[in-house]
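J.: Would you mind keeping the following structure in view while I ask a few things?
Residue numbers (the UniProt record's numbering): 1 to 88.
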């Protein structure tokens, strides 16, 4: 597929940029981080199940009711659906 994506860029290539696994060796291909342990900060291991469920519920409510989006005319998803007469 050489030449289909334009000129080659200098520097390492990220794995998601279309390099096949057999082409990784010797080409400076960077793999996504797959290190040990969870990638979540916030000490979730110190939370009870009820606390995690409550926090998730708060986040979901914020995501649907308070988060405004330019693509939705600066409305939250719920406001946009309501203005369009769609089910909420």
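Where is the CB? At the ideal position from N, CA and C, for every residue including glycine.
1) Output the boundary residues of the alpha helix (DSSP H) element that contains residue 57.
2) Return the chain-ordered list of same chain residues with a C-beta closer than 8 Å to the C-beta of residue 75, the five sequence neighbours on each side being excluded.
3) Just to confirm my understanding: we take residue 94, look at its own chain, exclude 5 residues before and 5 after, and list those with CB closer than 6 Å. What are they?
T.: So, to answer that:
1) As a first step, residue 57 is located in the chain shown; it is residue number 57 there, counting from the start. First-last of the alpha helix (DSSP H) with residue 57: 49-65.
2) Working through the chain shown from its first residue, we reach residue 75 at position 75. 68, 69, 83.
3) No statement about residue 94 is possible, as the shown extent of the chain runs from 1 to 88 and does not include it.
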